[in-house]
Every structure is written in C-alpha cells, then in structure tokens.
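Engineer: Structure provided below as structure tokens; questions to follow.
There are 2 protein chains.
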Amino acid sequence: MTTARVRDQYHHGDLEVALITTARKFVKKNGLESLSLRQIANEIGVSPSAAYHYFPDRNSLLSALGFSLFEELADYQERELAKVPGASARAARERFRNLGRTYFDWAIREPHFFNLMFSDFCLIESSMDQAREENRAYQTLVHCLDDLVETGSMDKKVRASAELLSWSVVHGTTSLIVSGHLASEDFERALDSLELALGIRK
Amino acid sequence: MTTARVRDQYHHGDLEVALITTARKFVKKNGLESLSLRQIANEIGVSPSAAYHYFPDRNSLLSALGFSLFEELADYQERELAKVPGASARAARERFRNLGRTYFDWAIREPHFFNLMFSDFCLIESSMDQAREENRAYQTLVHCLDDLVETGSMDKKVRASAELLSWSVVHGTTSLIVSGHLASEDFERALDSLELALGIRK
DNA sequence: CCCTTATCTGAACAATGTACAGATGATAGA
DNA sequence: TCTATCATCTGTACATTGTTCAGATAAGGG
C-alpha cells in the first residue's frame, strides 16, 4: 500500500536526513527557540520518539543542523567566488571583497541560520587548528588572502594577521547588523576600512 | 508573621526587580535556553502567574534582563576607564585599549550574558541613531576616540569610520572566541591590528 | 471603617522533551 | 520459501513548561 511505502523509506536511513531537512525548514521560518521535535516528527509523518534513534536529544539535532549550515555557507561562497575567475590582481581583489559580501548576504537572508551557527549549539570542542582546517569557509578565506599576496595586491607584512582581522571585521559587522546595532549600509564602509587596513592597493 | 512579611515586599513594587535579578542568576548559570519562569517564581517564593503582572511573557523578561545587561556593561567600562585618568596621549591610548579589553573580559566572564545581549531578545527596534545615543557603552567609545584625536594619537582622516571599525573588530573577535572559533590569544593580536589600522602612534 | 484598586494565588490547559516497552518490517541464513 | 534476528519505528506515559483567568488578599484613600 502507498502508506506503507512512505514508512519504508525511513527504514532505509532517510529519517536522519529528513529530520535535519525539516528542522532546517522550521528554524528558517521561526528561529531556534520555537523549534519543536514533535512538530518536526509530525511534519515528516513519524512518531515523536522516532527521532531519538538518530539524535540523543533536541540539542543534538540543532547541533547537526548548525554544522551542516557551515557546509552550506562554504558551498555558497565557493559558488560565488567561481563567478570571478582569473589570476589577475583585479580579480583577486574582487574575490576577496565578494567573499565578505557572501558572508554578509548569507546572514542577512537567513538570520536564524546565522544565529544558530554561532550559538551554544555549535560550540567548537576540537582543537582550534583542527577546527579551522575542517572549516572550508575559513580555508577559502586563506586562499583568497594568498591570492592577494601573490598578485601583489597585499603586503606580506600584514599577511600574518590578515585572516584574523578579515574574519573579525566581517563577522563583527554582520553580527551587529543582524542584531540591529548597526545599519546595513555600515557593512560596505567596514569593508572599505578593512581593505585600507590590509593595505590593499586599489 | 515572617512569611507574610516576604509577600508584603512584593506589594511595594519589588517583584519586578526580583524577577529580573533572579532571571539574571539563572541565565548566568545555565544560559537562556533553560530559563524557566516557574523556577524563577519558585525561587522568589511567588506563584507562577505572578510574573504576568510585570511582563507579558517570558520573552519580555529576557528582553528586560538583556537591556539591563547593556547598562551593566557600560557601568563596568566606565569604572575601569576611571582607573586610567589623565589627558596625556599615553593615557588616552591606554584607555582605548582597555575599553576593548573590558568588552572582551565581560563576554568571557559571562558568555551567557553576552549571548543574550546580542540575541533576538534584544533586537533594536528604535532608530539606529537614537539607539546609539542611548547606548552608553557606545558613547564611551566615541569619547575615547575623540580623546585619541585630541591628544594627537590618531589622525582625523580615520576618525569618521573609527567607531565602526573598532566595535566591529572587538565585537567580532569576542563573538568568535566565545563561540569557540578563535582562541583567546587572538584577541590581543586583533587589538594590535586595530590600532595599526587606526594609525594609532605608539 | 469601608471600598476601591493593585497585587498575587490556584487551578486549569495545551504543548513540549524524553523514556521505555513493545510492534513492525527488512534481511540474512536455512 | 520459511524463519529468526535485528534495526527501526509506534504508543503510551510522565514531568515540566508557558500562559490564561477567575477569584482571593492586602493597601491606601475617603
């Protein structure tokens, strides 16, 4: 029967994916606070306790979703950067600026996702070095900065702290804009200041 | 009787304060997620529904607590800055650096407070200009930057975007460290980069 | 001293996270 | 093809939560 067919899918390991996908939908709409395991189970058409075979509790589901969002962000950034190819200095500069913009756009479009990603649910427990190696978005930043140096757009002297400064400025303005403490227009101004600070030649 | 004495206090307008104070205690210990109105009421020795005469719902109590924490932060920063008096360039530079450090220390000591302050519960709804005028911590930053210019430690050219850059760098690193994406040591490095970017003379 | 008004209580309700005993269906071996 | 095993899911239950509302209680002014 058709009703049994639906259930069969989850016997093949789709429930874990379905849980995250549905959780994503709810968080996207209403944020994390109001996320209900029962609503998710209901939406999927499964009993409230079925989720407990894949996640020990509600928090774990939110963690899993959060970490998958980091992958999504990395995908999005890589897609956008691919639109600006070329080894020229100009292209490298544009890629760097776009990288910041994608971070900001991602957060503005889905503030609830942004909040989840940097909430307690996604606290990093592994070593800092390992975490950054596994963070593809961070690696993209590293490559962008390398490109700037190689194309002669950025001085080697500032390179050492360039990741730190870039991420801090971009994340800081984004976070403050999402929480309503700064205006959207401030983001481009902050990018200007950042490029100036990094000594990026125009 | 003594038990009645306790209740009498709340007839004189102390319950609103007690609610926020007790909520503060719980958030400090366990964060916002697990904050329970019933536990708070129980701790105070009042019925679960008593809170509803002062706050329309749980969210409003969290908002009130969050905004009061901004005042606390401002108080803390002002107290710390008062420890470095004097109109010298050297004093102005030290005050500026200390201002960043107090922001960071506050967040590290009480990460749950920091999270609440920049969560959905404390979203700014008023106009940006008005919000920043009422934000005493922001005003302290403005004054510190003015001092830097007046004492000749900072160039007027970078003054225009100095608040934006300072707050973004300090808030960005702090937020990323609290969420485990950067290491504590990165904060001082970020401050160094910021001072360099602002052209603060050593 | 009473009466109005602010303040708080008690009981109730629906929703939630979570635990656990059992049912159900897939799959591998005979 | 039948059967036994095992992962997967259901049903029920329980404590806790936010929230509502009718009524009790105390305070303060006339």
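Same order as they appear, the protein sequences are chains A and B.
Quick note on this note's numbering: the first sequence kicks off at 77 and runs consecutively.
Quick note on this note's numbering: the second sequence kicks off at 77 and runs consecutively.
Glycine included, each C-beta is placed from N, C-alpha and C at the ideal position.
Look up A90 of chain B in the DSSP assignment and say whether it is helix, strand or coil.
Structural biologist: Indexing the second sequence from 1 puts residue 90 of chain B at position 14. A quick correction: the sequence has Asp, not Ala, at residue 90 of chain B. D90 of chain B falls in the coil class under three-state DSSP.
Engineer: Measuring alpha carbon to alpha carbon, tell me which of B:E170, B:L192, B:R114 and B:L252 ends up nearest D280 of chain B.
Structural biologist: Nothing about residue 280 of chain B can be read from this structure; chain B reaches only from 77 to 278.
Engineer: On the premise that F189 of chain B lies in contact with L145 of chain B, defined as a C-beta separation below 8 Å, what is that separation, rounded to the nearest angstrom?
Structural biologist: Here residue 145 of chain B is taken as the residue at index 69 of the second sequence, counted from 1. Here residue 189 of chain B is taken as the residue at index 113 of the second sequence, counted from 1. Indeed they touch by this definition, with Cβ atoms about 5 Å apart.
Engineer: Is there a Cβ from chain B that is less than 8 Å from the Cβ of A273 of chain A?
Structural biologist: The residue given as residue 273 of chain A occupies position 197 in the first sequence. Chain B contact via Cβ: present.
Engineer: Measure how close the beta-carbons of L252 of chain B and S244 of chain A come, nearest whole angstrom, since I'm counting them as under 8 Å.
Structural biologist: The sequence position of residue 252 of chain B within the second sequence is 176, counting from 1. The sequence position of residue 244 of chain A within the first sequence is 168, counting from 1. That pair is a contact at about 7 Å.
Engineer: Counting pairs of Cβ atoms below 8 Å between the region 125-137 of chain B and the region 102-117 of chain B, do you hit three or more?
Structural biologist: Contact between the region 125-137 of chain B and the region 102-117 of chain B is present, because at least three Cβ pairs lie under 8 Å.
Engineer: Looking at chain B, is there any beta carbon in it that lies within less than 8 Å of the beta carbon of D180 of chain A?
Structural biologist: Walking along the first sequence from the start, residue 180 of chain A turns up at place 104. Sequence inspection shows Phe at residue 180 of chain A; the Asp mentioned does not correspond to that position. Judged by the 8 Å Cβ criterion, F180 of chain A is not in contact with chain B.
Engineer: Give the residues of chain B in contact with T249 of chain A, contact being defined as C-beta atoms less than 8 Å apart.
Structural biologist: Within the first sequence, the letter at position 173 stands for residue 249 of chain A. By Cβ distance, chain B contributes L240, S244 and G248.
Engineer: In its own chain, which residues sit with a C-beta less than 8 Å from the C-beta of S123 of chain A, not counting the 5 before and 5 after it?
Structural biologist: Reading the first sequence from its first residue, position 47 is the one you call residue 123 of chain A. Excluding positions up to five away in sequence, the list reads A117.
Engineer: Can you tell me which of the three DSSP states Y152 of chain B falls into?
Structural biologist: Along the second sequence, read from residue 1 onward, the residue named residue 152 of chain B stands at position 76. DSSP places Y152 of chain B in helix when its eight states are reduced to three.
Engineer: Spell out whether any CB of chain B is found under 8 Å from the CB atom of H219 of chain A.
Structural biologist: Residue mapping note: residue 219 of chain A aligns to position 143 of the first sequence, counting from 1. Not closer than 8 Å to any Cβ of chain B, the Cβ of H219 of chain A fails to qualify, so no.
Engineer: Which of the three DSSP states, helix, strand or coil, is assigned to Y130 of chain A?
Structural biologist: By one-based count along the first sequence, residue 130 of chain A stands at place 54. In this structure, Y130 of chain A counts as coil in the three-state DSSP scheme.
Engineer: Please report how far the alpha carbon of E154 of chain B lies from the alpha carbon of V103 of chain A, in whole angstroms.
Structural biologist: By one-based count along the second sequence, residue 154 of chain B stands at place 78. By one-based count along the first sequence, residue 103 of chain A stands at place 27. If you take the alpha carbons of E154 of chain B and V103 of chain A, they lie about 38 Å apart.
Engineer: Measuring only the C-alpha atoms, how far is G256 of chain A from D262 of chain A?
Structural biologist: Along the first sequence, one-based indexing puts residue 256 of chain A at 180. Along the first sequence, one-based indexing puts residue 262 of chain A at 186. So the alpha carbons of these two residues sit roughly 12 Å apart.
Engineer: Report yes if the CB atom of V246 of chain A is closer than 8 Å to the CB atom of G176 of chain A, and no otherwise.
Structural biologist: Taking the first residue of the first sequence as position 1, residue 246 of chain A is located at position 170. Taking the first residue of the first sequence as position 1, residue 176 of chain A is located at position 100. Yes; because the gap between Cβ atoms is below 8 Å, this pair is in contact.
Engineer: Could you work out which residues of chain B lie near N106 of chain A, taking near to mean beta carbons separated by less than 9 Å?
Structural biologist: Translated into the one-based positions of the first sequence, residue 106 of chain A becomes position 30. Result: empty, since nearest Cβ-Cβ is about 10 Å, beyond 9 Å.
Engineer: Can E239 of chain A and L258 of chain A be called in contact, C-beta distance under 8 Å?
Structural biologist: Counting from one through the first sequence, the residue named residue 239 of chain A turns up at place 163. Counting from one through the first sequence, the residue named residue 258 of chain A turns up at place 182. For E239 of chain A and L258 of chain A, no; Cβs fall outside 8 Å.
Engineer: If you draw a straight line from the C-alpha of R49 of chain B to the C-alpha of A213 of chain A, how long is it?
Structural biologist: Missing from the structure shown is residue 49 of chain B; chain B here goes from 77 to 278 and no further.
Engineer: Considering E119 of chain B, what are the terminal residues of the alpha helix (DSSP H) in which it resides?
Structural biologist: For the purposes of this step, residue 119 of chain B is taken as residue 43 along the second sequence, with counting starting at 1. Unbroken alpha helix (DSSP H) run through E119 of chain B: L113 to I120.
Engineer: In three-state DSSP terms, what is H247 of chain B?
Structural biologist: The residue labelled residue 247 of chain B in the question sits at position 171 within the second sequence. Looking at H247 of chain B - three-state DSSP - the assignment turns out to be helix.
Engineer: Alpha helix (DSSP H) containing P187 of chain A: first to last residue?
Structural biologist: As a first step, residue 187 of chain A must be located in the first sequence, where it is residue number 111. Taken as a continuous stretch (DSSP letters only), the alpha helix (DSSP H) holding P187 of chain A covers P187 to M193.
Engineer: Helix, strand or coil for K286 of chain B per DSSP?
Structural biologist: Shown here, chain B extends from 77 to 278; a query on residue 286 of chain B therefore has no answer.
Engineer: Mind checking which residues open and close the alpha helix (DSSP H) that includes C220 of chain B?
Structural biologist: Looking up residue 220 of chain B in the second sequence gives position 144. Unbroken alpha helix (DSSP H) run through C220 of chain B: R212 to E226.
Engineer: Note down, one range per segment and in chain order, each alpha helix (DSSP H) of at least 4 residues found wholly within the region 159-188 of chain A.
Structural biologist: If we require 4 residues or more, the alpha helix (DSSP H) runs fully inside the region 159-188 of chain A come out as 165-185.
Engineer: Can you pull the chain B residues whose beta carbon is under 8 Å from the beta carbon of R265 of chain A, in chain order?
Structural biologist: Along the first sequence, one-based indexing puts residue 265 of chain A at 189. Simply S237 and L240.
Engineer: Out of A:V234, A:A127 and A:S260, state which residue places its alpha-carbon closest to the alpha-carbon of R277 of chain A.
Structural biologist: Taking the first sequence and counting its residues from 1, one reaches residue 277 of chain A at position 201. Nearest of A:V234, A:A127 and A:S260 to R277 of chain A, Cα basis: A:V234.
Engineer: Which residue marks the beginning of the alpha helix (DSSP H) containing F263 of chain A, and which one marks its end?
Structural biologist: Here the question's residue 263 of chain A lines up with position 187 in the first sequence. Counting along the chain, the alpha helix (DSSP H) containing F263 of chain A begins and ends at D262 to A273.
Engineer: Could you pull out every residue in the same chain whose Cβ sits closer than 6 Å to the Cβ of R208 of chain B, ignoring the five residues on either side in sequence?
Structural biologist: Residue 208 of chain B sits at position 132 when you count from the first residue of the second sequence. Correct list, in chain order: Y214.
Engineer: Exposed or buried, which one is E226 of chain A when buried takes at least 16 other CB atoms within 10 Å?
Structural biologist: Here residue 226 of chain A refers to the residue found at position 150 when the first sequence is read from its first residue. It is exposed - the Cβ of E226 of chain A has fewer than 16 other Cβ atoms within 10 Å.
Engineer: Mind reading off the beta-carbon distance from A168 of chain B to S229 of chain B? Whole number of angstroms is fine, and I expect it under 8 Å.
Structural biologist: Translated into positions along the second sequence, residue 168 of chain B becomes position 92. Translated into positions along the second sequence, residue 229 of chain B becomes position 153. Going by Cβ atoms, the distance from A168 of chain B to S229 of chain B rounds to 6 Å, so yes, they are a contact pair.
Engineer: Quick check on E201 of chain A: does DSSP put it in helix, strand or coil?
Structural biologist: Here residue 201 of chain A corresponds to residue number 125 of the first sequence, with the count starting at 1. Correct three-state label for E201 of chain A: coil.
Engineer: Considering only the beta carbon of each residue, do I96 of chain A and A126 of chain A sit closer than 8 Å?
Structural biologist: In the first sequence, the residue the question calls residue 96 of chain A occupies position 20. In the first sequence, the residue the question calls residue 126 of chain A occupies position 50. No. Outside cutoff.
Engineer: Using a beta-carbon distance cut-off of less than 8 Å, what residues from the region 172-206 of chain A approach chain B?
Structural biologist: For the region 172-206 of chain A, which is checked against every Cβ of chain B, the residues closer than 8 Å are N191, F194, S195, D196, C198, L199, I200, E201 and M204.
Engineer: Ordered along the chain, which non-local residues of its own chain (more than five positions away) have a Cβ less than 7 Å from that of L267 of chain B?
Structural biologist: Working through the second sequence from its first residue, we reach residue 267 of chain B at position 191. Result list for L267 of chain B: R173 and G176, in chain order.
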